[in-house]
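The listed protein sequences correspond, in order, to chains E and D.
Numbering-wise (our numbering), the first sequence opens with residue 156 and increments by one.
Numbering-wise (our numbering), the second sequence opens with residue 156 and increments by one.
Number of protein chains: 2
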Amino acid sequence: MENRIITISRQFGSGGRTIGKEVANQLNIKCYDAQIIEEVAKASGYAETFIKENSEYTTYSSFLGQILSARDYQGKTPADQIWIIQKKIIEDIAKKESCVIVGRCADYILKDKNILKVFIHSSLDNRAKRIVEKYGETDKDPIARLKDKDKKRSSYYEFYTDIKWGDATNYDIALDSGTLGLDKCVEIIKSLY
Amino acid sequence: MENRIITISRQFGSGGRTIGKEVANQLNIKCYDAQIIEEVAKASGYAETFIKENSEYTTYSSFLGQILSARDYQGKTPADQIWIIQKKIIEDIAKKESCVIVGRCADYILKDKNILKVFIHSSLDNRAKRIVEKYGETDKDPIARLKDKDKKRSSYYEFYTDIKWGDATNYDIALDSGTLGLDKCVEIIKSLY
Chain E
156 MENRIITISR
166 QFGSGGRTIG
176 KEVANQLNIK
186 CYDAQIIEEV
196 AKASGYAETF
206 IKENSEYTTY
216 SSFLGQILSA
226 RDYQGKTPAD
236 QIWIIQKKII
246 EDIAKKESCV
256 IVGRCADYIL
266 KDKNILKVFI
276 HSSLDNRAKR
286 IVEKYGETDK
296 DPIARLKDKD
306 KKRSSYYEFY
316 TDIKWGDATN
326 YDIALDSGTL
336 GLDKCVEIIK
346 SLY
Chain D
156 MENRIITISR
166 QFGSGGRTIG
176 KEVANQLNIK
186 CYDAQIIEEV
196 AKASGYAETF
206 IKENSEYTTY
216 SSFLGQILSA
226 RDYQGKTPAD
236 QIWIIQKKII
246 EDIAKKESCV
256 IVGRCADYIL
266 KDKNILKVFI
276 HSSLDNRAKR
286 IVEKYGETDK
296 DPIARLKDKD
306 KKRSSYYEFY
316 TDIKWGDATN
326 YDIALDSGTL
336 GLDKCVEIIK
346 SLY
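This is the structure in structure tokens:
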């Protein structure tokens with residue numbers, strides 16, 4: 156039987172990664188997230204920090220991004236090269252086993268496969284509360300941090316997929332983790348597997 | 156205890172109304188849809204057909220719409236007047252009882268109440284199949300009929316609410332009735348009540 160993959164796209168601070176890990180845990184399958192970054196790092200030779208900065212967020216605002224946006228002889232930026240490697244890794248994982256994949260445009264990359272596409276979101280207030288609890292305070296206001304992350308994540312997604320990030324019609328199911336609660340989200344996703 | 160309302164927004168042909176009725180049936184509460192139109196008709200004195208044409212769809216393309224878009228002494232079009240009456244009726248229902256309300260921007264009108272906001276969608280192909288089965292063939296291609304209805308419904312919604320229709324973040328839960336199946340949608344919504 157074809158492997159069954161759950162892809163989770165999520166707003167920063169919505170608990171999407173926590174939900175993905177718990178779903179995988181309860182279903183006794185793997186959850187890919189940071190692991191993918193590591194594999195990308197190994198396959199590409201790029202340092203892991205650089206990949207973290209370039210793989211899911213657009214680089215337009217960073218000085219590093221400007222230096223690194225030089226194109227190679229095929230016209231590809233480092234971010235494009237990472238996209239290609241990452242895509243290959245996600246396709247390989249999907250061939251190998253049933254699993255949960257959080258982020259990384261996996262829903263788009265695996266769109267022709269047997270996948271359950273999930274989107275997790277939550278209000279700015281709920282997410283601000285969560286990131287402060289989870290990552291602590293910084294100099295920057297949590298709402299501003301979230302807006303910045305949302306903007307970068309959606310730009311990256313829309314640049315590589317040409318699909319509007321967060322549009323309900325792209326997903327089998329979209330859940331507000333703030334109003335429904337993380338446990339309820341896990342339960343619903345599990346029941347659809 | 157405050158009444159608990161389930162609001163269902165839906166793409167035309169997605170089965171959202173059928174899902175709403177079944178949820179209400181299983182929960183033993185009322186489902187409001189056509190009834191609202193009737194109440195609007197009674198309260199406003201407009202003929203029911205006219206309200207059907209003006210209440211959920213914008214009228215820009217119809218000849219009737221042009222005639223009727225004359226504004227009254229307060230600058231309100233007939234569609235604006237229907238909006239006001241309809242809003243009042245929905246608020247009254249929400250005060251009276253727990254129920255399901257399908258369409259009519261009820262999610263927006265009752266946004267400060269104890270509501271569960273649901274969005275039901277499905278691919279164009281799935282919806283085309285469904286409307287042909289349900290309403291039969293017409294001279295117009297079903298895909299074109301759907302696109303037209305989607306456009307009108309979203310224009311109406313966005314005109315009166317200033318919120319993007321179908322954006323996942325507006326709803327507690329958004330479900331693809333085509334990939335998940337109507338029964339599964341009913342089960343999930345019921346479990347959240």
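Every residue gets a Cβ at the ideal spot worked out from N, C-alpha and C, and that includes glycine.
Under 7 Å between beta-carbons, which chain D residues line up against E/T324? List them in chain order, please.
Chain D residues near E/T324: H276 and G321.
Take every Cβ of the stretch 169-176 of chain D, pair it with every Cβ of the stretch 262-270 of chain D, and state whether three or more of those distances are shorter than 8 Å.
Cβ pair count under 8 Å is below three, so no.
Would you mind reading off the limits of the beta strand (DSSP E) that contains D/T162?
Counting along the chain, the beta strand (DSSP E) containing D/T162 begins and ends at I160 to R165.
Return the Cβ separation of D/D280 and E/D327 in integer angstroms, given the expectation that the two are a contact with Cβ distance under 8 Å.
Rounded, the Cβ-Cβ distance is 15 Å, inconsistent with contact.
In angstroms with no decimal places, state the Cα-to-Cα distance between D/K345 and D/E292.
Computed Cα separation, rounded: 33 Å.
Is it true that the stretch 179-192 of chain E meets the stretch 238-253 of chain E, where meeting means three or more beta-carbon pairs spaced less than 8 Å apart?
Verdict: yes, contact present.
What distance in whole Å lies between the Cβ atoms of D/V257 and D/G175, which are believed to be in contact at a cut-off of 8 Å?
Right, the Cβ-Cβ distance comes to about 4 Å (below 8 Å), so this counts as a contact.
From D/E157, D/N158, D/L347 and D/I191, pick the residue whose C-alpha is nearest to that of D/V146; which is it?
Residue 146 of chain D cannot be examined here, being either before or after the span of chain D that is shown, 156 to 348.
Return the bridge partner residues of D/C186 from the DSSP annotation.
D/V255.
Return yes when the Cβ of D/G336 is within less than 8 Å of the Cβ of D/S278, no when it is not.
It is not a contact, given that the beta carbons lie outside the stated cut-off.
Kindly indicate which residue of E/S309, E/N158 and E/F314 has the alpha-carbon position closest to the one of E/W238.
Here the closest residue by C-alpha is E/F314.
Evaluate D/E157 with the Cβ neighbour count: other Cβ atoms within 10 Å of its Cβ, from every protein chain shown; 16 or more gives buried, anything less gives exposed.
Flag for D/E157 reads exposed.
Could you check where the alpha helix (DSSP H) with D/A283 kicks off and where it finishes?
Start and end: L279 to Y290.
Check whether the Cβ atoms of D/I191 and D/I244 sit closer than 8 Å, and answer yes or no.
Yes, the Cβ-Cβ distance between D/I191 and D/I244 is below 8 Å.
Just how far apart, CA to CA, sit E/S164 and E/I275?
One C-alpha to the other measures close to 6 Å.
Would you say D/Y348 reaches chain E, if we count a Cβ-Cβ gap shorter than 8 Å as a contact?
No - not a single Cβ of chain E is within 8 Å of the one on D/Y348.
Indicate the three-state DSSP secondary structure (helix, strand or coil) for D/G304 in the structure shown.
Note on identity: in this sequence residue 304 of chain D is Lys, with Gly being the wrong assignment. Reduced to three states, the DSSP call for D/K304 is helix.
I want to see whether chain E comes within less than 8 Å of D/T162, judged by CB atoms only; does it?
No, because no Cβ of chain E sits closer than 8 Å to the Cβ of D/T162.
Quick one: what's E/K272 bridged to in DSSP?
E/K272 is bridged to E/T162.
Going by beta carbon distance, what residues of the same chain come within less than 8 Å of D/W320, once the five residues before and after it are set aside?
Closer than 8 Å at the Cβ level, and outside the excluded window around D/W320, lie S164, R308, S309, Y312 and E313.
Based on Cα-Cα distance, which residue from E/T162, E/K266 and E/A198 lies nearest to E/T316?
The option with the nearest alpha carbon to E/T316 is E/K266.
Hey, out of E/E246, E/Y290 and E/K284, whose CA is closest to E/I270's CA?
Cα-wise, what sits closest to E/I270 is E/E246.
Using the Cα positions of D/K339 and E/A283, report the straight-line distance between them to the nearest angstrom.
Cα to Cα, the separation comes out at about 33 Å.
Under a CB-based cut-off of 8 Å, is D/S216 close to chain E?
With a pLDDT of 43 at D/S216, under the threshold of 50, the modelled position of this residue cannot be trusted, and the question is left open.
Does the CB of D/I343 have a neighbour CB from chain E at under 8 Å?
D/I343 counts as touching chain E.
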